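Protein chains: 4
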Amino acid sequence: MPLTETAARLRTLWHEIAAAARAVTPSTGAPELNGRQTQRLREELRACLEERGGEIAARARAAQAGRLYLSLNAEGRQRFLRTVASFDVDRERIDDLTAQMREAADPEQRRRLEILLRHALEPPRLHLLRRFNSLPEGVKFLVDLRADLIDLAGDDSELRALERDVKELLASWFDVGFLELRRITWESPAALLERLANYEAVHEVRGWPDIKNRLDADRRCFAFFHPLMPAEPLIFIEVALVDELSGEIAALLDQRAPLGMAVAASHAIFYSISNCQRGLVGISFGNALIKRVVDELSSELRSLKTFSTLSPIPGFRAWLEHADEKAAGNGSPHTLRAMLAKRSWHRDPEATEALREPLMRLCAHYLLEERRAGTSRALDPVAHFHLSNGAQVERINWLGDLSPRGMRESAGMLVNYLYRLDQIDENHQAYAERGEIAASNAVKRLCKR
Amino acid sequence: MPLTETAARLRTLWHEIAAAARAVTPSTGAPELNGRQTQRLREELRACLEERGGEIAARARAAQAGRLYLSLNAEGRQRFLRTVASFDVDRERIDDLTAQMREAADPEQRRRLEILLRHALEPPRLHLLRRFNSLPEGVKFLVDLRADLIDLAGDDSELRALERDVKELLASWFDVGFLELRRITWESPAALLERLANYEAVHEVRGWPDIKNRLDADRRCFAFFHPLMPAEPLIFIEVALVDELSGEIAALLDQRAPLGMAVAASHAIFYSISNCQRGLVGISFGNALIKRVVDELSSELRSLKTFSTLSPIPGFRAWLEHADEKAAGNGSPHTLRAMLAKRSWHRDPEATEALREPLMRLCAHYLLEERRAGTSRALDPVAHFHLSNGAQVERINWLGDLSPRGMRESAGMLVNYLYRLDQIDENHQAYAERGEIAASNAVKRLCKR
Amino acid sequence: MPLTETAARLRTLWHEIAAAARAVTPSTGAPELNGRQTQRLREELRACLEERGGEIAARARAAQAGRLYLSLNAEGRQRFLRTVASFDVDRERIDDLTAQMREAADPEQRRRLEILLRHALEPPRLHLLRRFNSLPEGVKFLVDLRADLIDLAGDDSELRALERDVKELLASWFDVGFLELRRITWESPAALLERLANYEAVHEVRGWPDIKNRLDADRRCFAFFHPLMPAEPLIFIEVALVDELSGEIAALLDQRAPLGMAVAASHAIFYSISNCQRGLVGISFGNALIKRVVDELSSELRSLKTFSTLSPIPGFRAWLEHADEKAAGNGSPHTLRAMLAKRSWHRDPEATEALREPLMRLCAHYLLEERRAGTSRALDPVAHFHLSNGAQVERINWLGDLSPRGMRESAGMLVNYLYRLDQIDENHQAYAERGEIAASNAVKRLCKR
Amino acid sequence: MPLTETAARLRTLWHEIAAAARAVTPSTGAPELNGRQTQRLREELRACLEERGGEIAARARAAQAGRLYLSLNAEGRQRFLRTVASFDVDRERIDDLTAQMREAADPEQRRRLEILLRHALEPPRLHLLRRFNSLPEGVKFLVDLRADLIDLAGDDSELRALERDVKELLASWFDVGFLELRRITWESPAALLERLANYEAVHEVRGWPDIKNRLDADRRCFAFFHPLMPAEPLIFIEVALVDELSGEIAALLDQRAPLGMAVAASHAIFYSISNCQRGLVGISFGNALIKRVVDELSSELRSLKTFSTLSPIPGFRAWLEHADEKAAGNGSPHTLRAMLAKRSWHRDPEATEALREPLMRLCAHYLLEERRAGTSRALDPVAHFHLSNGAQVERINWLGDLSPRGMRESAGMLVNYLYRLDQIDENHQAYAERGEIAASNAVKRLCKR
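Protein sequence lines, in the order shown, are assigned to chains U, L, V and Z.
Sequential numbering of the first sequence, starting at 46, is according to the working numbering.
Sequential numbering of the second sequence, starting at 46, is according to the working numbering.
Sequential numbering of the third sequence, starting at 46, is according to the working numbering.
Sequential numbering of the fourth sequence, starting at 46, is according to the working numbering.
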């Protein structure tokens with residue numbers, strides 16, 4: 046017996062206000078925050094921090110400030126955030142405590158001082174931020190506030206410090222151990238599906254029939270959720286259940302393709318993974334997701350034998366622009382670049398014939414050999430993600446993604462990263478410790494040529 | 046579409062292990078932890094902390110350690126906890142950073158050093174503890190672990206430091222803004238009702254018919270829950286819906302009393318509030334609870350006009366033992382104490398006649414005048430709780446609670462704290478800032494006499 | 046703890062089969078049912094009816110037959126249904142029982158014979174149909190089967206008898222007392238919203254943004270559901286919460302209109318009511334729906350004062366085609382008809398000027414005076430529906446609906462039927478017993494002129 | 046978003062009224078129904094049947110009548126029911142229709158008359174009864190009303206006819222295809238567990254710890270529910286997960302027995318099956334239940350190999366009282382009966398030694414050979430139930446149930462009926478068609494001796 050009438054009514058009211066507020070901000074010409082208002086805000090925040098009038102009053106003040114924030118335009122929000130940021134640590138007290146610590150002989154005393162120092166180093170603005178969780182969707186509010194901060198901080202060192210504080214707060218709440226995996230289907234709330242469509246970062250969603258197709262009986266879609274933000278997905282993955290290793294994205298997104306039989310499928314193809322919350326950048330969930338989804342699918346569908354991605358190679362073209370002769374082997378990168386510069390080269394049989402072999406070789410080289418400067422990490426971010434999870438580079442697919450973005454970033458190619466349950470741990474370890482990249486013989490051969 | 050088969054199966058397995066483990070520990074003669082095992086545990090915990098083998102492996106290690114912990118007896122747990130506690134801060138690094146801070150001229154550099162210092166002051170055991178939340182009921186595990194620590198720490202300064210760390214971690218998760226108010230009824234899970242009965246700290250539950258009576262149609266029961274520990278109540282309150290200000294607890298607990306009509310009730314009597322989680326001692330939820338419940342009841346039942354508690358005065362008898370002549374006014378405390386020392390004095394009409402007036406006066410004095418040493422807080426803890434919430438002392442009830450405990454602690458008296466919606470804020474403020482205690486004229490007169 | 050793995054797996058499998066089956070039938074060229082197959086079907090149905098091999102086996106047979114049915118094209122289904130229909134009553138037994146009844150002297154014997162006769166008059170096909178409810182969505186299967194029967198029966202008296210039997214069976218299950226009112230929001234399952242969009246019969250849904258607009262914070266949508274068919278709405282109603290009596294549908298369907306404040310709205314406008322299940326034609330739910338929705342809205346939103354529809358007048362233009370001089374009063378219907386025959390007359394200021402007064406008068410006359418032949422029922426079906434519910438004809442709105450359908454059926458006009466809580470019963474009674482139609486003075490005056 | 050405030054409030058109110066009403070009736074001295082009241086009731090029921098004032102009004106009248114019914118004592122209810130029963134068929138119309146039918150030549154006309162006759166044979170009281178489903182728990186109301194009718198009908202032929210009508214109505218709603226299997230655990234609502242404890246018909250529940258033990262991690266409990274009566278179980282089964290074929294009930298009910306590991310169990314022992322609704326007597330669900338539960342358990346716990354009951358032999362002692370020499374074989378039934386007549390013979394080693402062999406032989410004979418007069422059904426009702434489901438008589442357990450009831454009915458013995466998945470169909474068929482009873486060789490040998 047959860048929500049009650051009053052609470053529900055307040056929630057409704059809040060949603061109306063928040064929706065109205067969102068409709069105007071921060072891009073449209075909504076109110077800034079003038080000097081007097083800023084002063085008043087500072088006082089309210091201080092009263093909130095000091096719990097004047099008790100905890101309930103403090104939360105009411107925070108809610109009030111939250112509503113104000115939502116009603117502001119970009120400039121107003123910047124001022125608001127700077128006001129919050131100004132609730133910084135007390136540096137004199139810190140210096141005083143460190144001075145005492147130098148003198149402290151007794152270990153017990155030292156320990157006490159360490160704790161006092163730890164608390165003194167927590168800026169009051171952190172406590173202020175916590176108050177915002179009394180808003181009806183307080184955690185989401187803070188997540189979005191961090192997204193704003195990332196946009197608005199710029200060079201402002203105070204705002205950047207505030208941004209780091211919010212990140213730390215969110216990281217403590219968004220521990221991966223708290224996440225819930227949920228399956229998304231066509232029976233899921235429309236509001237949730239609308240959000241997924243907006244968040245889809247790999248293969249753009251083209252309307253509701255496209256969503257429906259991606260949730261059909263021969264598909265699976267899973268997302269991680271957090272109990273404190275139950276309506277908002279954090280990250281989601283789209284899976285096709287098919288009979289062979291997919292090499293082409295168009296076939297999977299074709300809404301007129303006949304429906305497959307999930308219970309008889311042998312291959313699970315992970316063809317899209319997207320993060321949903323910009324405000325959670327840098328707090329990672331993806332690693333756990335794939336492992337959990339493989340578990341789920343294995344137990345639901347016994348005939349599945351192969352788990353693989355169908356992934357873009359988003360850094361390939363950018364790298365190619367600057368690749369030198371050596372990397373390119375016997376093919377001249379200049380010539381290749383010239384050919385790739387032509388629009389719609391993929392529709393020209395001669396061009397594709399000429400490009401196929403050298404590009405695939407270069408791609409294999411890019412995936413298996415190129416590293417991020419000064420590290421043993423794969424240069425390609427998607428490759429790094431899957432290799433860290435223990436996958437291997439299985440197959441490079443020529444002209445697997447002809448979408449504008451696929452052509453622009455990956456030269457039309459897609460790669461399968463294969464998850465072999467019996468090798469995940471070993472691959473992970475070899476990559477993490479020694480930078481060794483697991484790959485199929487076919488891809489290794491391509492690379493060597 | 047939440048839980049899936051595998052997850053459900055693992056959960057079942059875990060519950061069986063945990064239940065089996067709990068059945069033997071910590072009081073029964075289950076395994077300790079010998080030197081070699083302790084050494085091995087230390088290595089596993091270090092591997093877990095360093096995420097050897099990736100995050101999934103780290104969580105598996107934490108789960109393993111958690112199961113070990115549950116299987117240990119008190120001595121074994123103490124060793125286990127000391128091993129965890131030994132993952133302390135790096136003091137050299139702290140000294141190094143404070144030294145750098147002294148030199149730092151640039152504000153930006155200073156700020157960076159502060160953050161580094163803050164992190165350095167977070168002991169690694171805190172990160173270790175977080176890993177335990179990957180257990181199926183990880184948050185509850187940590188809450189219970191803190192309860193163990195409170196029992197086991199004793200003088201051990203390392204364990205006490207660990208206890209404070211766990212408290213801090215839990216306080217950051219159990220923010221009152223995250224709590225959910227739920228109504229408890231006879232339709233609630235039996236497992237939950239069993240827990241409530243065990244947690245009831247004011248008026249002991251005497252079997253299931255007693256529980257059922259307290260959840261009948263003319264009663265209400267509400268509890269706060271946290272999304273990360275959804276099956277465990279944090280604090281709960283029991284309410285009777287009646288036609289007048291109750292003064293006797295027996296009438297409310299009488300299972301054969303006729304059922305009242307909730308929709309026609311004018312008075313809501315809060316006759317019991319109990320905290321449920323020993324591991325959350327010092328993290329307070331009660332303040333918010335009463336306010337929320339008054340809101341709930343007002344909106345559900347329009348005929349309610351009066352919100353009041355029927356509360357024990359748990360410190361009265363102890364105080365009386367040492368009260369001096371002055372406090373007692375014209376009655377001699379010695380004589381009173383002698384009379385109260387007789388068993389069953391409350392069944393002796395003469396004794397009750399003789400005691401009634403002086404005891405009620407003393408009680409009024411105790412509630413309105415006595416303060417905790419050196420503060421303006423009311424001496425009685427229950428009084429302090431309700432006065433902080435903005436209630437007023439409304440009526441003292443002679444022989445309102447004849448239970449052994451009621452006689453022993455409160456000399457058989459009960460007090461009504463009245464929550465008047467239009468005075469809560471004012472009362473709260475006057476008490477918090479100036480130590481002024483609101484009281485009805487009747488109680489004030491009693492006190493003055 | 047409801048559904049389990051096996052059940053869920055079977056359900057998945059069934060849905061895949063059913064979806065595949067639906068994709069081919071009944072319009073596309075899917076299998077018919079040849080003579081031998083029909084013979085085999087008859088035998089299986091007989092075995093099912095006689096429960097050969099036990100009840101479980103009987104249900105398995107029914108499921109098998111159900112799957113076969115779904116895979117057939119129109120002709121095949123017709124043969125299938127005729128096979129089912131052939132399980133008719135035993136006429137000899139009926140004659141025998143009626144003969145006995147004529148002789149029966151003893152009242153107790155007579156009563157016994159009546160029961161036997163009642164059972165003998167229940168055709169075995171009814172028992173056969175019941176078996177189909179063991180399909181995963183058995184009730185929906187029967188509802189759709191009746192929809193097929195309505196289409197396929199034609200002059201076939203056996204199929205028409207079968208259709209009546211199915212209707213009777215469904216009517217016994219779909220008692221209005223079993224219905225659940227649920228609010229539909231943008232948080233409802235996408236699959237449900239897709240269904241609503243397809244079922245919307247009054248103002249066609251133009252894509253998902255249109256759906257979202259109709260479920261916004263200043264709207265309400267309610268539907269009746271039945272526990273035996275929980276995913277399928279039976280009938281639904283769309284409501285706008287506004288500040289005045291709406292007269293124009295375009296304003297309500299405008300997706301760019303600013304969001305209103307539901308909590309402050311004074312008027313609830315019911316602008317669309319649609320039945321969803323063709324297979325439940327003749328089993329009525331609408332009467333109860335409006336009453337329940339008015340209750341819901343009154344209790345959720347206290348500021349609502351006026352409950353009214355904004356309804357089409359679907360029979361007006363058809364009636365006007367044959368209206369004679371008398372009805373038209375002083376305006377010649379011939380002239381009017383000629384003007385209305387022009388395309389886009391509503392965009393011609395002269396035409397609208399000339400038409401406005403006579404058309405509104407005629408419309409008032411049509412609504413208040415015209416009756417279905419030989420009855421006291423209002424001729425217009427929508428008018429009859431709302432008048433039966435106790436509403437009154439409140440206002441006729443000139444050019445309220447410029448959609449092609451609105452122009453074609455209602456000459457662009459819309460009417461408000463007002464639900465005054467204090468007059469509903471009286472209006473209902475007066476209309477039901479004496480055919481008196483309640484109307485505002487304004488509409489009455491229009492009619493009289 | 047289901048129930049709303051008003052509906053919830055009404056429901057609360059109804060529950061309070063109903064609870065208050067139930068508290069006084071039908072045994073306690075609550076109001077009867079005098080002549081004038083009966084007359085008034087008849088008029089109200091007629092108005093309800095004729096839908097005077099519309100459908101809503103009709104339902105309000107039914108609710109009113111329902112509340113009246115609940116407030117009456119046994120005598121009052123009898124009068125109430127007789128008043129309902131008096132809404133009987135119109136016999137003149139029936140005679141008229143049968144007369145027309147004799148004349149009818151045209152098949153189409155005959156068919157029409159048959160339908161009219163069918164409707165004429167449906168007594169109006171049936172339509173009246175349907176109205177009661179608008180009560181908040183209308184279906185449960187009718188189920189309980191039938192239970193009352195069974196008690197109160199006696200020789201009254203009208204009440205018996207009414208009882209048959211209610212049964213028919215309920216049978217049409219409680220089709221086994223609509224039932225939902227749910228697992229019951231210690232997390233289930235206390236109110237539900239309380240009901241189960243009251244309904245347990247085989248091994249009496251001795252308090253809440255006993256309930257908890259029966260729902261522990263090494264147990265399973267499943268019940269069938271109907272969507273129209275979602276809070277009320279229809280039938281439930283209790284299962285122990287163990288390592289061998291259980292022969293003793295005390296071991297299973299021992300609350301201090303160590304907890305087993307469900308995931309490792311090889312045997313599922315069905316040790317109790319109870320029907321819950323007296324008002325559904327004669328409408329059978331048990332057949333489907335065991336099959337569904339075996340499915341559930343197989344898919345949840347892969348290590349289960351054996352599914353068996355541990356059942357009483359409730360008719361054994363009664364049969365033994367009249368068994369003749371022949372059945373008893375070489376042991377004299379007279380002597381046995383004399384020995385069994387002694388109290389506590391099972392604690393006398395000599396008696397148990399002397400009785401063991403002959404009683405077990407007789408029991409085997411009773412189970413395998415004795416039939417219900419004139420049929421091929423096993424005489425023992427529990428044996429018949431399991432044999433119909435396809436089980437075999439596996440083992441007779443000496444002194445398996447020493448409870449008073451077990452001693453009184455089954456002479457302390459229990460029997461295992463084994464469900465072998467690969468033989469269920471065959472066994473069912475052989476028993477249903479030819480009365481062949483499947484049994485283990487051991488039991489067959491016992492019988493032959």
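Where is the CB? At the ideal position from N, CA and C, for every residue including glycine.
Fair warning: this is a prediction, and the values are worked out from it, not measured in the lab.
Query	Result
If you scan the region 128 to 175 of chain V from start to end, which runs of the alpha helix (DSSP H) of 4 or more residues do you find wholly inside it?	136 to 148, 152 to 165
Which one of Leu204/V, Ile335/V, Ile229/V, Ser329/V has the shortest CA to CA distance from Ala313/V?	Ile335/V
Would DSSP call Gln437/L helix, strand or coil?	strand
Closer than 8 Å, CB to CB, is Leu238/U near chain V or not?	yes
Taking the alpha carbon of Leu298/L as the reference point, which residue from Gly445/L, Arg453/L, Ile139/L, Val134/L has its own alpha carbon closest?	Gly445/L
Hey, would you say Ala235/Z sits closer than 8 Å to Ala285/L, going by beta carbons?	no
In this structure, does DSSP put Ile282/V in helix, strand or coil?	strand
Hey, does Ala235/U have any beta-carbon neighbour from chain V nearer than 8 Å?	yes
Just curious, the beta strand (DSSP E) that Ala268/Z is in, first and last residue?	264 to 270
Where do the N-terminal and C-terminal ends of the beta strand (DSSP E) with Ala313/U fall, by residue?	312 to 320
Helix or strand or just coil, what does DSSP make of Thr230/L?	coil
Using a Cβ cut-off of 8 Å (strictly closer), state whether Asp470/L contacts chain U.	yes
Which residues does DSSP list as the beta-bridge partners of Phe352/Z?	Ala313/Z, Tyr464/Z
Can you look up Glu77/L in the DSSP assignment and give me helix, strand or coil?	coil
Evaluate Leu466/U with the Cβ neighbour count: other Cβ atoms within 10 Å of its Cβ, from every protein chain shown; 16 or more gives buried, anything less gives exposed.	exposed
Here's the rule I'm using: 16 or more other beta-carbon atoms within 10 Å means buried, otherwise exposed. How should Thr73/U be labelled?	Summary for Thr73/U: the model assigns pLDDT 49, below 50, so the residue's position carries little reliability, and this model does not support an answer.
Just checking: is the beta-carbon of Trp253/V within a distance shorter than 8 Å of some beta-carbon in chain U?	yes
Report yes or no: do the region 451 to 459 of chain V and the region 402 to 417 of chain V share at least 3 C-beta pairs separated by less than 8 Å?	yes
Quick one: is His473/U near chain L, going by C-beta distance under 8 Å?	yes
Phe267/U and Leu226/U - do their beta-carbons sit closer together than 8 Å?	yes
Rounded to whole angstroms, how far is the Cβ of Gln474/V from the Cβ of Gly331/Z, which I believe are closer than 8 Å?	Rounded, the Cβ-Cβ distance is 50 Å, inconsistent with contact.
Can we say the region 300 to 308 of chain L touches the region 254 to 273 of chain L, given the rule of at least three CB pairs closer than 8 Å?	yes
Between the beta-carbon of Leu166/L and the beta-carbon of Leu158/U, is there less than 8 Å?	no
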